[in-house]
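Participant: Per my numbering, the sequence shown starts with residue 4, numbered consecutively.
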Amino acid sequence: MKRLRILVLVREGLVPPETMEGYSEEEIDRWKVEFDVAATLRNMGHEVQVIGVFDDLGPIRRAITEGRPQIAFMLLEEFHGLGIYDGAIVTYLELLRQSYTGCNPRGLLLSRDKALSKKILRFHRISTPRFAVVPRGRSIQRMPRLRFPLIVKSVSEDASLGIAQASVVRDHEALAERIAFVHQRVASDALVEEYIEGRELYVGVMGNQRLQTFPIWEMVFSGLPDDVAKIATAKVKWDRKYQRKYGITTAAAEDLPVALAAKISRLCKRVYRELHLSGYARIDLRMSADGQVFVLEANANPNLAYGEDFAESAEIGGISYEGLLQRILNLGLTYRAPWKNTYSD
Ligand SMILES: Nc1ncnc2c1ncn2[C@@H]1O[C@H](COP(=O)(O)OP(=O)(O)O)[C@@H](O)[C@H]1O
Ligand SMILES: [Mg+2]
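(1) Identify the continuous beta strand (DSSP E) that holds Phe184 and give its terminal residues.
(2) Can you check whether the CB of Gly335 is closer than 7 angstroms to the CB of Tyr95?
(3) DSSP has Tyr103 in a bridge; who is on the other side?
(4) Straight-line CA distance for Asp287 to Leu299?
(5) Flag Arg289 as yes when its Cβ comes closer than 6 angstroms to any non-hydrogen atom of ligand 1, and as no otherwise.
(6) Based on Cα-Cα distance, which residue from Arg202, Glu200, Ser170 and Glu196 lies nearest to Arg188?
(7) Check the C-beta distance from Ser323 over to Pro218 and give it rounded, since I have them as a contact under 8 angstroms.
(8) Which residues does DSSP pair with Glu160 in a beta bridge?
(9) What would DSSP say about Gln295, mapped onto helix, strand or coil?
(10) Would you say the stretch 301-309 touches the stretch 127-136, given that touching needs at least three Cβ pairs under 8 angstroms?
(11) Anyone know if the C-beta pair for Tyr338 and Asn211 falls short of 7 angstroms?
(12) Does the beta carbon of Ala190 sit closer than 7 angstroms to a beta carbon anywhere in chain B?
(13) Which term fits Leu98, buried or exposed, when burial requires 16 or more other beta carbons within 10 angstroms of its beta carbon?
(14) Touching or not, the stretch 214-234 and the stretch 189-204, by the rule of three or more beta carbon pairs under 8 angstroms?
(15) Using 8 angstroms as the cut-off, can you tell me whether the stretch 137-146 makes contact with the stretch 105-116, which would need three or more C-beta pairs spanning the two stretches below that distance?
(16) Nearest-angstrom Cα distance between Gly90 and Val137?
(17) Where DSSP assigns a beta bridge to Phe82, which residues make up the other side?
(18) For Leu307 and Asn333, what's the separation of their Cα atoms in angstroms?
(19) Looking at the secondary structure, which residues open and close the beta strand (DSSP E) in which Thr252 lies?
(20) Is it true that the stretch 12-19 meets the stretch 27-37, where meeting means three or more beta-carbon pairs spaced less than 8 angstroms apart?
(21) Please confirm if the stretch 171-191 is in contact with the stretch 264-277, defined as three or more CB-CB distances below 8 angstroms between the two stretches.
(22) Taking only three categories from DSSP, how would you classify Ala264?
(23) Please name the residue, chosen from Asn46, Glu30, Met23 and Glu28, that lies closest to Gly326 on a Cα-to-Cα basis.
(24) Could you tell me which of Gln73, Val206 and Ala41 sits nearest to Thr22, measuring between CA atoms?
(25) For Val18, does the three-state DSSP call read helix, strand or coil?
(26) Looking at the secondary structure, which residues open and close the beta strand (DSSP E) in which Leu196 lies?
(27) So what's Arg8 in DSSP terms, helix, strand or just coil?
(28) Under the criterion of a Cβ to heavy atom distance below 6 angstroms, does Ala235 qualify as lining ligand 1?
(29) Just to confirm, are Phe82 and Ile67 a CB contact at a threshold of 7 angstroms?
(30) Keeping to the same chain, check which residues put their C-beta closer than 7 angstroms to that of Gly320; ignore five residues upstream and five downstream.
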């Protein structure tokens, strides 16, 4: 394996320490992805420099001109606190003619906007819950096209930000209230979607042209009380105590007929292509009791921490964590960014 000079880009304040020893679980959770990636790349023999970025592109430019990395490992999910700007960072890297890992600017732009991606999916007849967008500054009229129960979320935020039990609404009053919550507290336009009762599935997809999927993954919420909606609220996703209390885990989906699993894999590859993704992504789905599968969203550059859904499902699919990171590097190096067609060095 070729030794690479790698520039790892992380959020300011998340440059990981040399060792995890002496840190609490809570502290480690803040920079676990950054730690796992940087430490593993070093163990693999690569030359690794990690820099923290907040609202200044200067350090990226300097690290690239001075260190001449062969590739930037993109762990930045925001710029100046705004998630939608990660696409601008990779655009900047392309302008500097720098290879990078993960998704290209167009795929990031399309997939970070849930409403826009759903419009594209519907155009291609890919099943996704029926929806409406309520922009900030606008209140709702009735929504005659949509059937209760509905779920209200942000069009642009991820990581279940703003998703709670109150997100699932059963009447107009609760709907209006939750839309106002998303507008004011999450500070974004609201996406109102038909609620799909059923199983929650995740599928890792990887590749630029030739795509590969990992075994279908499932969030298991069966330990939650009966009267609670089985959805990945922020608490379900991030609160370790809550997870332990209710036995919330993720694991390879059981009892999926082979033909259905193959169909889901093909569906996820179509989603990946139609949204112009590259590198690696995780597609979130819901499957109703009658076996109908709905695409919720595509996550470009999903959480890469060791032991998290993406890496775990890769491992069950036969790809070790080191192998996974190396593939991500190779995909970044071979991605045909526009500048590679006109320049060579
Ligand atoms: N239409 C829906 N039907 C049922 N559950 C949903 C629906 N939309 C979202 N959810 C639940 O909310 C969670 C977060 O929604 P998602 O669209 O994946 O946003 P995020 O970007 O925050 O992950 C999902 O994992 C799922 O549990
Ligand atoms: Mg999701």
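For glycine and all other residues, C-beta sits at the position ideal for the given N, C-alpha and C.
Facilitator: Per the coordinate set shown:
(1) Residue numbering aside, residue 184 sits at position 181 when the sequence shown is read from its first letter. Run containing Phe184: none in the beta strand (DSSP E); it sits in the alpha helix (DSSP H), His175 to Gln187.
(2) Taking the first residue of the sequence shown as 1, we reach residue 95 at position 92. Taking the first residue of the sequence shown as 1, we reach residue 335 at position 332. Not a contact, by the Cβ cut-off of 7 angstroms.
(3) Taking the sequence shown and counting its residues from 1, the one referred to as residue 103 is at position 100. DSSP output for Tyr103 lists Ala75 as bridge partner(s).
(4) Along the sequence shown, one-based indexing puts residue 287 at 284. Along the sequence shown, one-based indexing puts residue 299 at 296. If I take the Cα positions, the gap works out to 5 angstroms.
(5) In the sequence shown, residue 289 corresponds to position 286, counting from 1. Correct: Arg289 has its Cβ closer than 6 angstroms to ligand 1.
(6) Working through the sequence shown from its first residue, we reach residue 188 at position 185. With distances taken between CA atoms, Arg188 lies nearest to Ser170 out of Arg202, Glu200, Ser170 and Glu196.
(7) Your numbering for residue 323 matches position 320 in the sequence shown. Your numbering for residue 218 matches position 215 in the sequence shown. Rounded, the Cβ-Cβ distance is 15 angstroms, inconsistent with contact.
(8) In the sequence shown, counting from the first residue as 1, residue 160 sits at position 157. Note: Glu160 sits in no beta bridge, so no partner.
(9) As a first step, residue 295 is located in the sequence shown; it is residue number 292 there, counting from the start. DSSP places Gln295 in the coil class of the three-state scheme, outside both helix and strand.
(10) Segments in contact, no.
(11) Residue mapping note: residue 338 aligns to position 335 of the sequence shown, counting from 1. Residue mapping note: residue 211 aligns to position 208 of the sequence shown, counting from 1. Cβ atoms of Tyr338 and Asn211: closer than 7 angstroms.
(12) Although the question refers to chain B, the structure presented lacks it and comprises just one protein chain.
(13) The residue you call residue 98 lines up with position 95 of the sequence shown. The residue in question, Leu98, is exposed, as its Cβ has fewer than 16 Cβ neighbours within 10 Å.
(14) Because the criterion of three Cβ pairs below 8 angstroms is met, the stretch 214-234 and the stretch 189-204 touch.
(15) No, the stretch 137-146 is not in contact with the stretch 105-116.
(16) On the sequence shown, position 87 is the one that residue 90 refers to. On the sequence shown, position 134 is the one that residue 137 refers to. Using only the alpha carbons, I get a separation of about 24 angstroms.
(17) Translated into the one-based positions of the sequence shown, residue 82 becomes position 79. Leu85, per the DSSP bridge assignment.
(18) Position 304 of the sequence shown, counting from 1, holds the residue named residue 307. Position 330 of the sequence shown, counting from 1, holds the residue named residue 333. Rounded to whole angstroms, Leu307 to Asn333 spans 16 angstroms at the Cα level.
(19) Residue numbering aside, residue 252 sits at position 249 when the sequence shown is read from its first letter. DSSP places Thr252 inside the beta strand (DSSP E), whose first and last residues are Thr252 to Ala255.
(20) With the cut-off at 8 angstroms, the stretch 12-19 and the stretch 27-37 touch.
(21) Because the criterion of three Cβ pairs below 8 angstroms is not met, the stretch 171-191 and the stretch 264-277 do not touch.
(22) Locating residue 264 in the sequence shown gives position 261, where the first residue counts as 1. Ala264 falls in the helix class under three-state DSSP.
(23) In the sequence shown, counting from the first residue as 1, residue 326 sits at position 323. Of the candidates Asn46, Glu30, Met23 and Glu28, the one whose C-alpha sits nearest the C-alpha of Gly326 is Asn46.
(24) Taking the sequence shown and counting its residues from 1, one reaches residue 22 at position 19. Residue Ala41 is the option with its Cα nearest to Thr22.
(25) The residue labelled residue 18 in the question sits at position 15 within the sequence shown. Three-state DSSP puts Val18 in coil, outside helix and strand.
(26) Sequence index remark: in the sequence shown, residue 196 carries index 193 (1-based). A small correction: the amino acid at residue 196 is Glu; Leu does not occupy that position in the sequence shown. Note, Glu196: beta strand (DSSP E), Ala193 to Glu197.
(27) Within the sequence shown, the letter at position 5 stands for residue 8. When DSSP states are grouped into helix, strand and coil, Arg8 belongs to the strand group.
(28) For the purposes of this step, residue 235 is identified with residue 232 of the sequence shown, where counting begins at 1. At least one heavy atom of ligand 1 falls within 6 angstroms of the beta-carbon of Ala235.
(29) The count along the sequence shown starts at 1 and reaches residue 82 at position 79. The count along the sequence shown starts at 1 and reaches residue 67 at position 64. Contact check for Phe82 against Ile67 fails: the beta carbons are separated by 7 angstroms or more.
(30) Taking the sequence shown and counting its residues from 1, one reaches residue 320 at position 317. Within the same chain, Gly320 has close Cβ partners Phe217 and Pro218.
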